[in-house]
Amino acid sequence: MNKAIEDRLHALECRLERVESQLELYQALSTYGPAVDSLSLDLAASLWTHDGVYDIGDERFDMAGHADILDTLNADYHKDLVAKGCAHTMSLPLIAIKDQQAIGLGYHRLYTHEDTGFGLHRLSVSRWDWVKESGRWVATRRTHRLLDGSPEARELIRQTLADMQSLKG
Amino acid sequence: MNKAIEDRLHALECRLERVESQLELYQALSTYGPAVDSLSLDLAASLWTHDGVYDIGDERFDMAGHADILDTLNADYHKDLVAKGCAHTMSLPLIAIKDQQAIGLGYHRLYTHEDTGFGLHRLSVSRWDWVKESGRWVATRRTHRLLDGSPEARELIRQTLADMQSLKG
Amino acid sequence: MNKAIEDRLHALECRLERVESQLELYQALSTYGPAVDSLSLDLAASLWTHDGVYDIGDERFDMAGHADILDTLNADYHKDLVAKGCAHTMSLPLIAIKDQQAIGLGYHRLYTHEDTGFGLHRLSVSRWDWVKESGRWVATRRTHRLLDGSPEARELIRQTLADMQSLKG
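The listed protein sequences derive, respectively, from chains E, F and G.
In this text, residue positions in the first sequence follow my numbering: the first is 1, and each later residue adds one.
In this text, residue positions in the second sequence follow my numbering: the first is 1001, and each later residue adds one.
In this text, residue positions in the third sequence follow my numbering: the first is 2001, and each later residue adds one.
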């Protein structure tokens, strides 16, 4: 094959793989809400690696591994939210990708339905750490910190922005 | 043409078409809010096929076809929302695409401006069913169910997740 | 090089550049919130050209150029928001791109943490005007109008939709 053609094909393939990864990560992010809000819990857990961590900034609910995530999402606290009406939504995230590793950063909101109408129950900064395993992006860790003025949320944002710079090299 | 080159070009073209479709569907979703919030109603209706259905989970406002959609968006209820200040926003959706057919799933929020400030008036799960007609993605149906604890919303999410699996085959 | 191959490679390269631009603009949009909410102000300012304008629809805070943007984001008003907890989020925007120029249109929300919980403090329509400089998309102007029922917000949406049509030609 002509070297000039080979080079252009290879460049296109690399660029397209980068684009596809960003869209696949968007898909992963937008799967979480519908999965947990409909109690499709296996689907929710499948967004993590087998031993992936879900740290929501509340020690009572820290989770490590699929069994732990399933237990927490199966608990009354979560089922009660779903029963009264809720939505777990994620803003369009900032994403950094390098080879088989990626980081995402955005805002997570938990809305609940109350007697007085719809309310914003929790608002957190949300960081995702992903690896590509067998051609699929899965989370090794998701970290939330409530945006209630505590320094932990600001620190999580700053650290994640720095880690994104390092990742891209 | 060399078979190896032809195969790689063809693979790139197919993958890129998939990527472009996902971005075009994002564009369709993000057109709806600005269109209805500025009373650019022809633009809003053009997001559906000529006989497309808009089922917002409230029989008083069910719509089938462009004329019906235009009538509802031209009604006082909607014009009053716009006059006092409102925003129809859609979360980053999960999307499944197969050939000329696609399904989207996310959350729709209607914010209104009240004397007491901005409020979340409606929060719904939102499903889009699209077909590609003459090279353009248009909705055959958009379905909303209010996330107020009623089982219909959870059922819509579950059914849509299952239909997405079937679509991808 | 064979003309048929050259044509297909060139078409792929142009389409992919368009796709990458849309994703880069998504990245720019999703950088703003984490930057200002963590007081990473140089990163926030870098989203604009050196003399870029940030018009938030409140004359007290209009900004032109990096120094001006940094001054405003460094002021007590903004630092107090960050200290009590806040999130600046942007909805998935509608985007129009032509060559080295682009326009984005979506909704901006400023959430704050109050004694009573999380509240939606400001809800605006948000328009971005970008140019591509040295291979990077930067804003020449960002314009907000509060969705409080004033005609300016509706007019900004309509004008932006019209400008997007003109841009695409």
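Where a beta carbon is used, it is the ideal one built from N, C-alpha and C, also for glycine.
Quantities reported herein were computed from a predicted structural model and do not represent experimental measurements.
- Of the candidates E:I95, E:S91 and E:N74, E:N74 places its Cα closest to the Cα of A45 (chain E).
- G1085 (chain F) places its beta carbon 9 Å or farther from that of S2166 (chain G).
- If you look at G1104 (chain F), you'll find it in the beta strand (DSSP E) that goes Q1101 to E1114.
- Using beta-carbon distances, Y2077 (chain G) does not count as an interface residue toward chain F, since no partner is under 9 Å.
- With a cut-off of 8 Å on Cβ pairs, the segment 76-85 of chain E is not in contact with the segment 5-13 of chain E, counting fewer than three such pairs.
- Judged by their CB atoms, D42 (chain E) and T143 (chain E) are not nearer to each other than the 9 Å cut-off.
- A straight-line Cα-Cα distance of about 13 Å links R1015 (chain F) and E2013 (chain G).
- Buried is the label assigned to S2030 (chain G), since at least 16 other Cβ atoms lie within 10 Å of its Cβ.
- Around the beta carbon of S126 (chain E), 16 or more other beta carbons sit within 10 angstroms, so the residue counts as buried.
- For chain E, the residues of the segment 2012-2040 of chain G that bring a beta carbon within less than 8 Å of one of its beta carbons are L2012, E2013, L2016, V2019, E2020, L2023, Y2026, Q2027, L2029, S2030, T2031, G2033, P2034, A2035, D2037, S2038, L2039 and S2040, in chain order.
- Sorting E:E155, E:Y26, E:D115 and E:R141 by C-alpha distance to the C-alpha of H50 (chain E) places E:R141 at the top.
- Excluding five sequence positions before and after D1068 (chain F), none of the CB atoms of its chain fall closer than 6 Å to its own CB.
- Between L105 (chain E) and M164 (chain E), the CB-CB gap stays under 9 Å.
- The beta carbons of A153 (chain E) and G52 (chain E) sit about 22 Å from each other, so the pair does not count as a contact at 8 Å.
- Annotation: K2132 (chain G) to A2035 (chain G) spans about 21 Å, alpha carbon to alpha carbon.
- Taking the Cβ atoms as the reference, L2039 (chain G) lies roughly 6 Å from V2082 (chain G), within the contact range of under 8 Å.
- For S1150 (chain F), there is no enclosing alpha helix (DSSP H), as DSSP gives it neither H nor E.
- The residues L167, K168 and G169, in chain order, have a CB closer than 8 Å to that of K98 (chain E) in the same chain once the five nearest residues on each side in sequence are set aside.
- Non-local C-beta neighbours of Y32 (chain E) in its own chain, meaning closer than 7 Å and more than five positions away in sequence, comprise A44, L47, H88 and M90, ordered along the chain.
- When only Cα atoms are considered, F2118 (chain G) and S134 (chain E) end up about 40 Å apart.
- Taking the CA atoms as reference points, R122 (chain E) sits about 14 Å from F61 (chain E).
- For the pair T2160 (chain G) and A64 (chain E), the Cα-to-Cα distance works out to about 47 Å.
- In this chain, the alpha helix (DSSP H) harbouring S1021 (chain F) covers K1003 to D1037.
- With a threshold of 9 Å between beta carbons, M1063 (chain F) makes no contact with chain G.
- A straight line joining the alpha-carbon of L120 (chain E) with that of D148 (chain E) spans about 13 Å.
- E:S124 is the residue among E:E24, E:S124, E:I157 and E:Q100 whose C-alpha sits nearest the C-alpha of Y2111 (chain G).
- Note on the segment 59-84 of chain E: whole alpha helix (DSSP H) runs with a minimum of 4 residues are 66-74 and 76-84, in chain order.
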